[in-house]
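Report on one structure; see the data block that follows.
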Amino acid sequence: MALALDGSVHAVGSGASLAVGTLTTSNANVVVMIAIQVNGDSVASVTDTGSHTWQHRASAGDAPFTVELWWTTSLAAFNNAITVSLGAGDSSFLTATAWGISGADATTPFDANAALPDTGNTGARSITTSDANDFLIHCARLNNQNGTPATGWTEIQDNTDYFLVQYKIVSATQSALSVDTGGETNNGSIADAVQQAGALVDNLMPQIWM
Numbered sequence: 049m050a051l052a053l054d055g056s057v058h059a060v061g062s063g064a065s066l067a068v069g070t071l072t073t074s075n076a077n078v079v080v081m082i083a084i085q086v087n088g089d090s091v092a093s094v095t096d097t098g099s100h101t102w103q104h105r106a107s108a109g110d111a112p113f114t115v116e117l118w119w120t121t122s123l124a125a126f127n128n129a130i131t132v133s134l135g136a137g138d139s140s141f142l143t144a145t146a147w148g149i150s151g152a153d154a155t156t157p158f159d160a161n162a163a164l165p166d167t168g169n170t171g172a173r174s175i176t177t178s179d180a181n182d183f184l185i186h187c188a189r190l191n192n193q194n195g196t197p198a199t200g201w202t203e204i205q206d207n208t209d210y211f212l213v214q215y216k217i218v219s220a221t222q223s224a225l226s227v228d229t230g231g232e233t234n235n236g237s238i239a240d241a242v243q244q245a246g247a248l249v250d251n252l253m254p255q256i257w258m
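Going by this note's numbering, the first residue of the sequence shown is number 49, and it counts up by one from there.
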């Protein structure tokens, strides 16, 4: 199965937790990801009504103004409400975008290249991959309310919450591919790559739940 975006949901709020909403995918064997923007305490956990095990992938930005990337996998089609919970403190602004990726390697989701994920507090990110068929991800905190995707990229959920989460599906290995916002400045961003099923593997061993 070819890589594809398979469902998405977005929410914004404040406080110690955020009910992101229900993410529904059309396919089974999916990788599910969530990008979270926090103005406050860091994320303590991501949970869902299907009791999947979520894992932290990367963080960027200057605390307490950060962006985090979390992930899980599902053997069955995903149809669950997602909740983000912070640590001991609250957030004055908390927003998240969650999405599913079909056709991805649900056993070893991420491209094995040692340069990934690429994180930084300002400017463009760089993506170098080892596998040709990848679902590229870029999420960025914005200084402007409404973001614009970079050329050749697609925004996962259009929003006015100072947050841009965009993707690009490629069929060739990438060498220092530069990705930024479509013109807005950012104050923290993450770039990563999810590999197609049957690709090269690394030593990451996630838990997979139905």
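Glycine included, every Cβ here is placed at the ideal spot set by N, Cα and C.
Can you give me the C-alpha to C-alpha distance between G230 and V213, rounded to a whole angstrom?
12 angstroms
Would you mind giving the Cβ-Cβ distance between W147 and G63, rounded to the nearest angstrom? I have them listed as a contact below 8 angstroms.
W147 to G63, Cβ: 23 angstroms. No contact.
What are the residues that DSSP puts in a beta bridge with N207?
DSSP, once it has assigned bridges, lists no residue as partnering N207.
Give me, in chain order, the residues of the same chain whose beta-carbon lies closer than 6 angstroms to that of P197; leave out the 5 immediate sequence neighbours on both sides.
E203, Q214, G230
Flag this pair as yes or no: are the beta carbons of D228 and L117 separated by less than 8 angstroms?
no
How many Å lie between A50 and N77 at the Cα?
12 angstroms
Between the Cα of A129 and those of Q222, S226, H58, spot the shortest distance and give me the residue it belongs to.
H58
Taking C-alpha atoms, which residue in A136, S99, F126, I217 lies nearest to I185?
I217
Assuming L134 contacts G88 (C-beta within less than 8 angstroms), just tell me the rounded distance between them.
7 angstroms
Can you check whether the CB of Q243 is closer than 8 angstroms to the CB of D331?
Outside the shown range of the chain (49 to 258) lies residue 331, about which nothing can therefore be said.
Can you list, in chain order, the residues of its chain whose CB lies under 8 angstroms from that of Q193, leaving out five sequence neighbours each side?
T208, D209, Y210
Label D206 either buried or exposed according to how many other C-beta atoms from any shown protein chain fall within 10 Å of its C-beta, with 16 as the threshold for buried.
exposed
How many Å lie between S140 and V132 at the Cα?
14 angstroms
Using CA atoms only, rank isn't needed, just tell me which of E232, L66, N169, L164 is closest to A111.
N169
Under a three-way DSSP split, which group does G55 fall into?
strand
Quick one: what does DSSP say S46 is sitting in, helix, strand or coil?
Beyond the ends of the chain as shown, which are 49 and 258, falls residue 46; an answer cannot be given.
Separation of N235 from V79, as counted between CA atoms:
27 angstroms
Look at the alpha carbon of A52 and the alpha carbon of T73, and state the distance between them as a whole number of angstroms.
11 angstroms
To the nearest angstrom, how far is the alpha carbon of H104 from that of W119?
7 angstroms
Taking 7 angstroms as the cut-off, is the beta-carbon of G61 closer than that to any non-hydrogen atom of the ligand FAD?
Among the components of this structure there are no ligands whatsoever, and the ligand FAD is therefore not found.
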